[in-house]
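Here is the structure we will look at.
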Amino acid sequence: MQLLLVLLVLVLTFNALSVDAKVPRAVSREVYDNGKIYDITHKITSKLPSWDSKNGTGSYIWLTSSIKNGSHDNGSVFKLSTHTGTHCDAPGHFYQDYYDAGYDATSLNLQVLNGPALLVDVPRNKNITADVMKSLKIPRGVRRVLFRTLNTDRKLMFKTRFDTSYVGFMPDGAKWLVKNTDIKLVGVDYLSVAAYVDLAAVHLTFLKNRDIIPLEGLKLDNVPAGEYNVHCLPIKLAKGDGAPTRCILTSSCEKAVVVQN
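When the letters of the sequence shown are read in order and numbered with our numbering, they come out as residues 2 to 262.
Set out below in structure tokens:
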């Protein structure tokens, strides 16, 4: 009898210790295998900057069932802008007839969003103009370019308050890119590919032919410039004029300067 009591006490003690033991805090990694994989997606949090907002993304996710409140699982719902954090723009973002014709986030070309890419550093004191594009000397055949700008140095994506002074494309820079390069994926490091002073003209230029995909809000700090393979998967969101997107870079064994179909 005494032995049974001792065993019972041991079992209860073990269970109590198991329940009370602290679970190690999860760590969100951004670099894997010494740089063979870089996660260039910004984590969505309430403090992530949001377009024209002083208060950032704010509350966006809620538990509808909770283990702490007696449910057998945790379940959530969330509500976000289609242009939250790291995201892609669809042609219907600035063209109503494209939107009506179904050119939403589900129409984005995965062949454009995945493949050899260049990460380049833009001169830090300028928006991306035609002259800046010329100075970068991006060769023909390159289809995917991620432009790292002063936005990364200023850590604008880590500041909750939206900043209208971010660096982006100017209309002449967008037109030069379309006319003189083979670039189809245009990646930038703040919430818009276009400088705040001329939003519409730049987007209309890039989206007009429905073959260029703006990729916005990239996390490019601490990633060496150079050639990579980019992998981007936007949420397959019907009627979405844009979509949050998970993007990574992997070490490239294939040159970015390749014309692909």
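Cβ atoms here follow ideal geometry from the backbone N, Cα and C, with glycine treated the same way.
Query raised in the report: Closest Cβ-Cβ distance between Gly243 and chain B: below 8 Å?
Result: Absence of chain B from the displayed structure is noted, only one protein chain being present.
Query raised in the report: Can you tell me where the beta strand (DSSP E) with Gly116 in it begins and where it stops?
Result: Residues 115–122.
Requested in this report: Could you say which of Ala239, Lys240, Pro235 lies nearest to Arg247 if we only look at CA atoms?
Outcome: Ranking Ala239, Lys240, Pro235 by Cα distance to Arg247 puts Pro235 first.
Report task. Evaluate Thr14 with the Cβ neighbour count: other Cβ atoms within 10 Å of its Cβ, from every protein chain shown; 16 or more gives buried, anything less gives exposed. Result -> For Thr14, the predicted model reports a pLDDT of 45, less than 50, meaning its position is unreliable; a value from the coordinates is still stated below. Residue environment for Thr14: exposed (fewer than 16 other C-beta atoms within 10 angstroms of its C-beta).
Query raised in the report: So does the segment 60–76 actually touch the segment 212–219, counting three or more Cβ pairs closer than 8 Å?
Result: Fewer than three beta-carbon pairs drawn from the segment 60–76 and the segment 212–219 are found closer than 8 Å, and the two stretches are therefore not classed as touching.
Query raised in the report: For Ser82, which residues does DSSP report across the bridge?
Result: DSSP lists no partner for Ser82.
Query raised in the report: Do you know how far the Cα of Leu109 is from the Cα of Lys220?
Result: For Lys220 and Leu109, the distance between alpha carbons rounds to 21 Å.
Query raised in the report: Just how far apart, CA to CA, sit Lys48 and Asp40?
Result: Answer to the nearest angstrom: the Cα atoms are 19 Å apart.
Requested in this report: Note down, in chain order, each residue of its chain lying with its Cβ closer than 7 Å to the Cβ of Gly243, except the 5 sequence neighbours on either side.
Outcome: A distance below 7 Å between beta-carbons, with the five flanking residues on each side excluded, links Gly243 to the following residues of its chain, in chain order: Thr83, His84, His88, Cys89, Asp90, Ala91, His94, Ala106.
Report task. Would you mind giving the Cβ-Cβ distance between Tyr167 and Leu157, rounded to the nearest angstrom? I have them listed as a contact below 8 Å. Result -> The C-beta separation of Tyr167 from Leu157 comes to about 6 Å, placing the pair in contact by the 8 Å criterion.
**Report entry** Contact check, Gly169 vs Val194, beta carbons under 8 Å
**Finding:** Result yes, Cβ atoms of Gly169 and Val194 sit closer than 8 Å.
Requested in this report: Please go through the same chain and pick out, in chain order, the residues whose beta-carbon is closer than 7 Å to the beta-carbon of Asp164, but skip the five residues on each side of it.
Outcome: Contacts found: Leu157.
Query raised in the report: Is any heavy atom of the ligand PLP found at a distance shorter than 7 Å from the C-beta of Gly227?
Result: With respect to the ligand PLP, the structure shown offers nothing to examine, as it has no ligands at all.
Query raised in the report: Apart from the five residues on each side of it in sequence, which residues of its chain come closer than 7 Å, Cβ to Cβ, to Ser66?
Result: Hits under 7 Å: Ser72, Asp74, Asn75, Gly76.
Query raised in the report: With DSSP run on the structure shown, which of helix, strand or coil describes Leu109?
Result: Here Leu109 sits in coil by DSSP.
Requested in this report: Evaluate Val10 with the Cβ neighbour count: other Cβ atoms within 10 Å of its Cβ, from every protein chain shown; 16 or more gives buried, anything less gives exposed.
Outcome: Because the pLDDT of Val10 is 40, which lies under 50, any placement of that residue in the model is unreliable, and the question is left without a value.
Query raised in the report: Does the distance from the C-beta atom of Val123 to that of Phe148 stay below 8 Å?
Result: In contact: Val123 and Phe148 (Cβ atoms closer than 8 Å).
Requested in this report: From the DSSP output, read off the bridge partner residues of Asn230.
Outcome: Beta bridge pairing from DSSP links Asn230 with Pro117, Thr251.
**Report entry** Nearest neighbour of Arg144, chosen from Leu111, Ile129, Asp190 [CA to CA]
**Finding:** Per the Cα distances, Leu111.
Query - Whether Thr130 touches Asn56 by CB criterion (8 Å) - result: No. Outside cutoff.
Requested in this report: Would you give the residue range spanned by the beta strand (DSSP E) that Pro215 belongs to?
Outcome: It spans 214–217 - the beta strand (DSSP E) in which Pro215 sits, taken as one unbroken run.
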